[in-house]
Amino acid sequence: MKFPSSKRFDLSLFTTVGFWSSVGLSLLIAAWYILSRPEIQVLPTPGLFEIIEARTLDWRFRLRGVIMPQSDIVIIAVDEKTEDALGRWQSSGRQWIAQLLNILTEGNAAVIGFDLTLAEPDERRDLQALNDMIERYQSQSAEKMAIVADLKQQQARYDYDRQLAEAIERAGNVVLGIYFLDAAAADYLTPEQQQAYQEVISRAAYESVQAPPGETAQPLRLPHASGVEINLPLFSEAALSFGHFNVSPDRDGVIRFTPLLEEYAGKYYPSLGLEVARVYLNSPLPPIIKTQGKQAAGNIEVIRLGNTLIPSDEKGHLYINYYGPAATFPYYSLADIISGQVPAYKFADKIVLLGFTSKIIRDLHATSFQSSDYPGVEVHATIIENILKQDFLIRPEWATLIEAGQILLLGLILGVVRYRKSPLWGVWAMSAGLFLMIGFAYAAFRLEKIWLNITFPALFIVADYLTTTSYQYFTEERQKRRIKHAFQYYVSPKVVEHLLQTADQLKLGGERRQLTAFFSDIRGFTEISEQMPPEQLVEFLNEYLSEMSQIALKYEGTIDKYMGDAIMAFYGAPMPQSDHAIRACKTAVDMIVRLKELRVGWEARGLPHMDIGIGINSGEMSVGNMGSRERFDYTIMGDNVNLASRLEGINKQYGTNIVISQFTYDLIKPDGFTLRELDTVCVKGKHEPVTIYELIGYGGMYAQKKPIIETFCNGLAAYKTRRWEEAMALFQDTLRLAPDDKPSCLYIERCAAYLQNPPPDDWNGVSVMTTK
């Protein structure tokens, strides 16, 4: 079976290049992924993909469900109810807060945090009028001093700023909120104001930075602020400490992490949540441990509050481990506390956070659990809970390596599947791999609170699959089409499909396999060809070869070649067939049956009579592409192939149509074939004798030949034991049953000859063939 070959069609080269190209692409993609991660950021990361990944984190939170916090954290809300009951915040807020702090102090609250700033003085008109009167009377006569004293008493009663400052100082555990400004927002601040503000808040700064052993502490890579909005000096002086309530929404506006530290004027300031937790734990100002190595100088590794270690990313961001939607933490309305509906003891030893939840004074955000209207004060409560319970959502340094490993592993698996199975199998394998990867990422999140990236590995894996599949389509599929074109005329469609799935096996060179070789030839073809013009001969021969070939393909045989009027085929390759001998024998019987049917039509058309001989042998043979790289055959070779060819020629001497060897007989004898032993022969060019059999047919339709076969076999047994007269009589009985049985005639002649000239004493019944 010949077809053209070239280096482009060298399947061994193609498979090696194709598969290792897939491996190389997977390695390249894995490396690209590592270099594009934020902690390395050698290559850019598309923002859209980051948003998609962040949304998958939100999905994980919502799939996990609500977890009720366990720490003693309560939120006091300045809500719509407070506005309705107590009046506008702008005019009465300081009075409410002062009353609240007195109640919380009475109730022995542990820490009080303000998620707001009190940056402007109280500018109520009545208070301003009272101040103006005191100033005017103080400049007049002494008799007015009594009036001034009375006015000052009134001033103290209505000076809510002073009352609030005294309440803050009396509580002794208040952490006020501050807000850092970027360059544009801080433009209105004068240098003098900046200096003054720095001095006010400096006592809250974290100045202790611990460097790795043997290295000098270097400035940290933190978010930088250009200015700050603080509380009034009298409030700031009375407060215990400060914490910023800046948040850093993702590009889609969702708050998923928080800056634990901000850098301002060369110092590092804690967030409100971090500072409240520090005060609650009674921890000294903590050292900040930087990541190891000079390449990571300035990167944060961990923040320490006493024995509590807080993991963060290299820029001091904490991934927030949310517990649920708004109101997962306990809330109290400020109005209910002021009105006495909530007793003071409710706040004993509690962390109390004050913040806005009113939709009028909007401090509402989007979080992983809620797309809007999540109070900012509850964000800080969540951060404090994370710290106190060591309940962190983390992304370890090795997470990127795990994700890159997933990309590489799935890329390799897809590479194997793509080259062993159909593209549809590749889709299923990719889908299964992605499903397992997503399941693994969710399990890591649910069980260990580890954030493994889903989006980027998934996108890279899909890109890997699409790229390599496209490569496969334009290279391997093209080669498969060439294979199909080359084989479809020589093997059945099922075998062609097998070849397409195992194209790597079709390489230059052979392998040794157990096969069955098949040879057929037209008897007296030279005489037939002399009776017909060339055109008619070609048409006649093509018709015969087409009919016989269809039968061979029916049993999934491989037609090796046409040699004029001869057909060479084999069974058991390229597709493995455990019943290769049975297939070959059924092919032979069906060919004889079909030939008899064809003769009827040929004789009616005046065409000559045609008969064929078939030889079949089974055994170990070499099979594969043999030839040069420019042109080769997919063929079989070996002594067992040559024996099948000799058996085809033996039919002429025995007057039979199908002769098979002992080796084929041993493989088919249990399967309902009708056979008779013909002889034990040494074919020309061989020294080892082989027993041969005539294959008569298969199935019950040959039952009438049983008496003929039994009589012949009895005669053959007598012949082998030198009982020549008895053997002749039995062969003559066979001829009475089948007058045209040529093997019986042959043995009668042999017996007569041996009666005249007996063989030597060492005669073993083997017939030596002197012709092919």
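When we follow our numbering, the leftmost residue of the sequence shown carries the number 1, and every step to the right adds one.
A virtual CB, placed ideally from N, CA and C, is assigned to each residue, including glycine.
As the structure is a prediction and not an experimental result, all values here were calculated from the model.
- About 5 Å separates the CB atoms of Asp-560 and Thr-635; that is less than 8 Å, so the two are in contact.
- For the options Asp-741, Gln-732, Ala-463, Asp-611, the alpha carbon positioned closest to that of Leu-28 is the one of Ala-463.
- The shortest C-alpha to C-alpha distance from Gly-65 to any of Ala-344, Phe-369, Glu-80 is the one to Phe-369.
- Here Gln-95 is buried: its Cβ has 16 or more other Cβ atoms, across all protein chains shown, within 10 Å.
- Between the stretch 358 to 376 and the stretch 335 to 343 there are fewer than three inter-stretch CB-CB distances shorter than 8 Å, so the stretches are not counted as touching.
- The three-state reading of DSSP puts His-380 in helix, counting H, G and I together.
- The C-beta separation of Ala-110 from Tyr-280 comes to about 6 Å, placing the pair in contact by the 8 Å criterion.
- Along the length of the stretch 616 to 653, whole beta strand (DSSP E) runs at least 3 residues long occupy 631 to 637, reported in chain order.
- Contact between the stretch 48 to 65 and the stretch 440 to 459 is present: 3 or more CB-CB pairs across the two stretches fall below 8 Å.
- Bridge partners of Leu-354 according to DSSP: Ile-76, Phe-114.
- Leaving aside the five residues that flank Thr-770 on each side, the residues in its chain whose CB is nearer than 7 Å to its CB run, in chain order, Lys-684.
- Under the three-state reduction of DSSP output, Lys-389 falls in the coil class, being neither helix nor strand.
- Residues Glu-80, Glu-83 of the same chain have their beta carbon placed closer than 8 Å to that of Ile-360, with the five preceding and five following residues left out of the count.
- Taking a cut-off of 8 Å on C-beta distances, the stretch 96 to 104 does not touch the stretch 399 to 412, as fewer than three cross pairs fall below it.
- Excluding its 5 nearest sequence neighbours in each direction, Gly-715 has C-beta neighbours in its own chain below 6 Å: Ala-727, Leu-730, Phe-731, listed in chain order.
- In the same chain as Ile-438, and ignoring 5 residues on each side of it, the C-beta atoms closer than 7 Å to its own belong to Ile-454, in chain order.
- Nearest in C-alpha terms to Thr-680, of all of Thr-526, Tyr-693, Thr-734, is Tyr-693.
- Contact between the stretch 176 to 186 and the stretch 225 to 240 is present: 3 or more CB-CB pairs across the two stretches fall below 8 Å.
- One alpha carbon belongs to Leu-412, the other to Ser-26, and they sit about 7 Å apart.
- For the pair Tyr-555 and Lys-596, the CB atoms are not nearer than the 8 Å cut-off.
- If you check the CB distance, Asn-617 and Ala-644 come in under 8 Å.
- When DSSP states are grouped into helix, strand and coil, Thr-367 belongs to the coil group.
- Inter-residue distance for Val-352 and Leu-220 is about 31 Å (C-alpha atoms, whole angstroms).
- Short of 8 Å from the beta carbon of Tyr-654, and not among the five residues preceding or following it, lie these beta carbons of its own chain, in chain order: Leu-678, Asp-679, Glu-694, Lys-742, Pro-743, Leu-746.
- Note on geometry: alpha-carbon atoms of Asp-391 and Ile-230 lie some 31 Å from one another.
- At a Cβ-Cβ threshold of 8 Å, Phe-460 and Arg-60 do not count as neighbours.
- Annotated three-state conformation of Ser-241 is strand, per DSSP.
- In terms of Cα proximity to Ile-300, the closest of Ser-312, Met-621, Leu-388 is Ser-312.
- For Gln-341, the secondary structure class from DSSP, reduced to helix, strand or coil, is coil.
- Counting only residues of its own chain and dropping the five nearest sequence neighbours on each side, Lys-449 has a CB closer than 8 Å to the CB of Asn-321, Asp-391, Phe-392, Leu-393, Ile-394.
- Going by beta carbons, Met-563 and Ser-520 fall outside the 8 Å limit.
- At least 8 Å separates the beta-carbon of Ile-310 from that of Leu-272.
- Taking a contact to require three or more Cβ pairs closer than 8 Å, the stretch 238 to 251 and the stretch 160 to 180 qualify as touching.
- The stretch 652 to 669 and the stretch 693 to 712 touch, with three or more beta-carbon pairs separated by less than 8 Å.
- Taking all protein chains in view, the Cβ of Tyr-719 is crowded by 16 or more other Cβ atoms within 10 Å, so the residue is classified as buried.
- Just measuring C-alpha positions, the residue of Arg-583, Pro-608, Leu-334 sitting nearest Gly-672 is Arg-583.
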